[in-house]
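Chemist: What follows is a single structure, and I will ask about it in a moment.
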Amino acid sequence: FRVLINFWLLSHSDSKLSAQSPSRRRLNLSLSLSLSAMEARILQSSSCCFSSLNTAFSSGSVNRYRFSSIASSPKPLSISFPQRTRTTRARAPFVLSMSKKDDGTEKDDDTESLTYKDSGVDIDAGTELVRRIAKMAPGIGGFGGLFPLGDSFLVAGTDGVGTKLKLAFETGIHDTIGIDLVAMSVNDIITSGARPLFFLDYFATSRLDVDLAEKVIKGIVDGCGQSNCALLGGETAEMPDFYAEGEYDLSGFAVGIVKKEAVINGKNIVAGDVLIGLPSSGVHSNGFSLVRKVVARSGLSLKDELPGGSGTLGGALMEPTVIYVNQVLDFISKGGVKGLAHITGGGFTDNIPRVLPDGLGAVIHTDAWELPPLFKWIQQSGSIEDSEMRRTFNLGIGMVMVVTPEAASRILGEAKKGDYVAYRIGEVIDGEGVSYQ
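For the sequence shown, the UniProt record's numbering assigns the number 1 to the initial residue and increments by one for each residue that follows.
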């Protein structure tokens with residue numbers, strides 16, 4: 001595996017840029033080391049990336065940061081991270097409709113119902129593009145891509161954080177957006193049962209603000225720490241006139257590994273299996289084009305209190321995405337997990353069917369968990385119909401596991417003890433499609 005990494009580094013070594021090229025930064029690593037040693041160095045502190053910051057300007061390019069050689073350690077390190085504590089409270093029924101419609105009608109006001117498509121995002125167009133790409137590259141379409149390597153698969157995923165970045169610019173909250181970036185990719189690859197190995201990032205801006213970039217990359221380091229994976233490298237592109245002043249864009253790339261016999265692909269799912277939902281921290285990193293339309297319509301400032309919630313609206317919207325890596329891998333190790341759906345773009349409507357075999361569907365019990373105040377406010381302020389909410393947002397559930405009834409009993413039993421929060425949100429049924437009760 002190290003040979004592959006070294007080959008990658010050699011093939012991506014810095015090259016001289018033409019005078020017209022934007023300034024770029026690339027992380028250079030001396031890889032006379034094991035992955036576990038790199039992991040240890042990366043995770044020692046959230047500031048480790050900056051302790052060896054080296055800004056040597058030459059030939060129009062800048063090295064973002066450089067790690068000197070690190071003593072190799074053949075023995076894998078076991079690094080544990082404190083679990084986020086959650087408080088449990090009495091649950092009110094999850095009632096999605098404050099606006100109704102969708103043929104439960106009502107909606108006597110004249111307020112136009114907002115949709116994701118109206119805000120500029122066409123999920124159907126994205127689905128069509130994937131369908132066309134699949135003709136050229138068969139096998140594409142899962143949460144992560146699998147590459148065979150001996151008795152294992154490398155599982156890769158890539159993602160960004162969408163227009164949540166716009167809210168980062170408006171709120172000035174930049175130190176957690178990197179957590180979102182890591183979460184979007186590692187949460188995808190664990191749906192195959194893969195343990196994340198390493199992460200790379202791409203940071204692009206019109207003019208490099210070093211202090212701001214440091215905050216962003218600190219979040220990426222924090223996210224890698226929560227995922228037990230190494231931040232191997234990154235690219236910083238400074239592109240004048242391409243981005244608005246003070247704005248930037250992010251992309252992330254994660255690679256994990258899983259034994260071939262341990263791959264989770266949903267093919268063993270049967271009717272009667274149980275759907276377990278793990279709570280989200282909020283909107284996570286999908287649906288923000290619609291959220292921003294709702295905020296504009298509502299007349300509220302991001303500094304205003306969230307109606308029905310605690311804290312500001314901006315703080316609630318910028319809450320970082322939950323990284324499910326440690327929790328999900330623990331569930332997998334105990335057995336009974338057959339399928340996993342990361343609830344991102346497409347919401348419940350598009351993501352749950354992705355893990356179900358042909359001929360099977362699911363029923364979701366909408367009273368199984370309480371709809372968080374943030375989603376209630378979004379639906380009410382945007383007059384958004386139930387079907388649009390379900391296809392755009394996670395509605396308080398960021399990861400759905402399809403498990404055996406026995407595993408469900410174990411997981412829910414541990415949840416009752418207060419070890420974590422999990423909900424039985426539905427079951428697998430004969431017949432395709434997802435219905436809501």
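By construction, the Cβ of each residue, glycine as well, lies at the ideal position given by its N, Cα and C atoms.
(1) When the Cα atoms are used, what is the spatial distance from Gly433 to Lys259?
(2) Helix, strand or coil, according to DSSP, for Ser61 in the structure here?
(3) Where does Ala271 land, buried or exposed, given buried means 16+ other C-beta within 10 angstroms?
(4) Should the stretch 322-329 be regarded as contacting the stretch 383-394, the criterion being three or more beta carbon pairs within less than 8 Å?
(5) If you follow the beta strand (DSSP E) that Leu275 is part of, which residue opens it and which one closes it?
(6) Return the bridge partner residues of Phe203 from the DSSP annotation.
(7) Considering only C-alpha positions, which residue in the set Asp304, Glu214, Val294, Ile269 is nearest to Val403?
(8) How many Å lie between Ser280 and Val216 at the Cα?
(9) In three-state DSSP terms, what is Lys171?
(10) Name, in chain order, the residues that DSSP records as bridge partners for residue 440.
(11) Is any non-hydrogen atom of the ligand NAP found closer than 6 Å to the C-beta of Ala407, if you look at the structure I gave you?
(12) Short check: CB of Ile257 to CB of Ser152, under 7 Å?
(13) Residues in its own chain within less than 8 Å of Leu231 by CB, not counting five upstream and five downstream?
(14) So the candidates are Gly336, Ile429, Pro353; which of them puts its Cα closest to the Cα of Glu406?
(15) Restricting to runs no shorter than 3 residues, where is the beta strand (DSSP E) found entirely within the stretch 392-431?
(16) Distance check for Gly282 and Asn394, CA to CA, integer angstroms please.
(17) Using 7 Å as the threshold, is the C-beta distance between Gly157 and Ser185 below it?
(18) Ends of the alpha helix (DSSP H) at Ser381?
(19) Name, in chain order, the residues that DSSP records as bridge partners for Ile364.
(20) Since I believe Asn187 is in contact with His342 (beta carbons under 8 Å), could you give me their beta-carbon distance rounded to a whole number of angstroms?
(21) Using CA coordinates, which residue listed in Ser227, Glu370, Leu181 is at the minimum distance from Leu250?
(22) On the DSSP letters alone, give me the boundaries of the beta strand (DSSP E) that Phe242 sits inside.
(23) Taking three-plus beta-carbon pairs below 8 Å as touching, is the stretch 159-177 in contact with the stretch 310-320?
(24) Let me know the secondary structure DSSP gives Glu112 once reduced to three states.
(25) Locate the alpha helix (DSSP H) running through Lys338, then write down its first and last residues.
(26) Which residues in the same chain have their Cβ closer than 7 Å to the Cβ of residue 441, if we skip the five residues on either side of it in sequence?
(27) Might you give, ordered along the chain, the residues of its own chain that have their beta carbon closer than 8 Å to the beta carbon of Glu305, omitting 5 neighbours on each side?
(28) From Ile177 to Gly252, what distance separates their C-alpha atoms?
(29) Determine the extent of the beta strand (DSSP E) in which Leu146 is found, giving its start and end residues.
(30) By how many angstroms is the C-alpha of His284 removed from the C-alpha of Arg297?
Modeler: Quick answer:
(1) Locating residue 433 in the sequence shown gives position 433, where the first residue counts as 1. Locating residue 259 in the sequence shown gives position 259, where the first residue counts as 1. If you take the alpha carbons of Gly433 and Lys259, they lie about 31 Å apart.
(2) Here residue 61 corresponds to residue number 61 of the sequence shown, with the count starting at 1. In this prediction, Ser61 has a pLDDT of 32, which is less than 50 and means its spatial position is unreliable; what the coordinates show is noted afterwards. Ser61: strand per DSSP, three-state reduction.
(3) Here residue 271 refers to the residue found at position 271 of the sequence shown. Classification of Ala271: exposed, given that the 10 Å Cβ count is below 16.
(4) no
(5) Here residue 275 corresponds to residue number 275 of the sequence shown, with the count starting at 1. Leu275 -> beta strand (DSSP E) spans 274-279.
(6) As a position in the sequence shown, residue 203 is number 203, starting the count at 1. Answer is Thr236, Leu250.
(7) As a working note, residue 403 is residue 403 in the sequence shown. Comparing Cα-Cα distances from Val403 to each of Asp304, Glu214, Val294, Ile269, the minimum goes to Ile269.
(8) Taking the first residue of the sequence shown as 1, we reach residue 280 at position 280. Taking the first residue of the sequence shown as 1, we reach residue 216 at position 216. C-alpha separation (whole angstroms): 22 Å.
(9) Reading the sequence shown from its first residue, position 171 is the one you call residue 171. The sequence given here has Thr at residue 171, not Lys. The answer is helix: DSSP assigns Thr171 an H, G or I state.
(10) Only positions 1 to 437 of the chain appear in the structure, and residue 440 is not among them; the question remains open.
(11) Only the bare structure without any ligand can be found here, which leaves the ligand NAP out of the picture.
(12) Taking the sequence shown and counting its residues from 1, one reaches residue 257 at position 257. Taking the sequence shown and counting its residues from 1, one reaches residue 152 at position 152. The answer is yes: Cβ separation under 7 Å.
(13) For the purposes of this step, residue 231 is identified with residue 231 of the sequence shown, where counting begins at 1. Excluding residues within five positions, the ones whose Cβ falls inside 8 Å are Ile42, Cys49, Phe198, Phe199, Leu200, Asp201, Ile220, Val221, Cys224.
(14) Along the sequence shown, read from residue 1 onward, the residue named residue 406 stands at position 406. If we check each option's Cα against that of Glu406, Gly336 comes out closest.
(15) 397-403, 423-430
(16) Along the sequence shown, read from residue 1 onward, the residue named residue 394 stands at position 394. Along the sequence shown, read from residue 1 onward, the residue named residue 282 stands at position 282. Approximately 8 Å, taken between the alpha carbons.
(17) If you number the sequence shown from 1, residue 157 lands on position 157. If you number the sequence shown from 1, residue 185 lands on position 185. Cβ atoms of Gly157 and Ser185: closer than 7 Å.
(18) Sequence index remark: in the sequence shown, residue 381 carries index 381 (1-based). Run containing Ser381: 373-382, per the alpha helix (DSSP H) assignment.
(19) Residue numbering aside, residue 364 sits at position 364 when the sequence shown is read from its first letter. Paired residue(s): Gly426, Tyr436.
(20) Here residue 342 refers to the residue found at position 342 when the sequence shown is read from its first residue. Here residue 187 refers to the residue found at position 187 when the sequence shown is read from its first residue. Rounded, the Cβ-Cβ distance is 5 Å, consistent with contact.
(21) Reading the sequence shown from its first residue, position 250 is the one you call residue 250. The candidate whose alpha carbon is nearest that of Leu250 is Leu181.
(22) For this step, residue 242 is matched to residue 242 along the sequence shown. Counting along the chain, Phe242 falls outside any beta strand (DSSP E), and DSSP gives it neither H nor E.
(23) yes
(24) The residue you call residue 112 lines up with position 112 of the sequence shown. If DSSP states are grouped into helix, strand and coil, Glu112 belongs with coil.
(25) The residue labelled residue 338 in the question sits at position 338 within the sequence shown. Looking at the DSSP string, Lys338 is not in any alpha helix (DSSP H); the run it does join, the beta strand (DSSP E), is 337-342.
(26) This structure does not reach residue 441, given that the chain is present from 1 up to 437, and the question cannot be answered.
(27) If you number the sequence shown from 1, residue 305 lands on position 305. Answer for Glu305: Gly311, Thr312, Leu313, listed in chain order.
(28) Against the sequence shown, residue 177 aligns to sequence position 177. Against the sequence shown, residue 252 aligns to sequence position 252. About 12 Å.
(29) Working through the sequence shown from its first residue, we reach residue 146 at position 146. Element bounds for Leu146: 145-149.
(30) One-based indexing of the sequence shown puts residue 297 at position 297. One-based indexing of the sequence shown puts residue 284 at position 284. Each residue's alpha carbon lies about 21 Å from the other.
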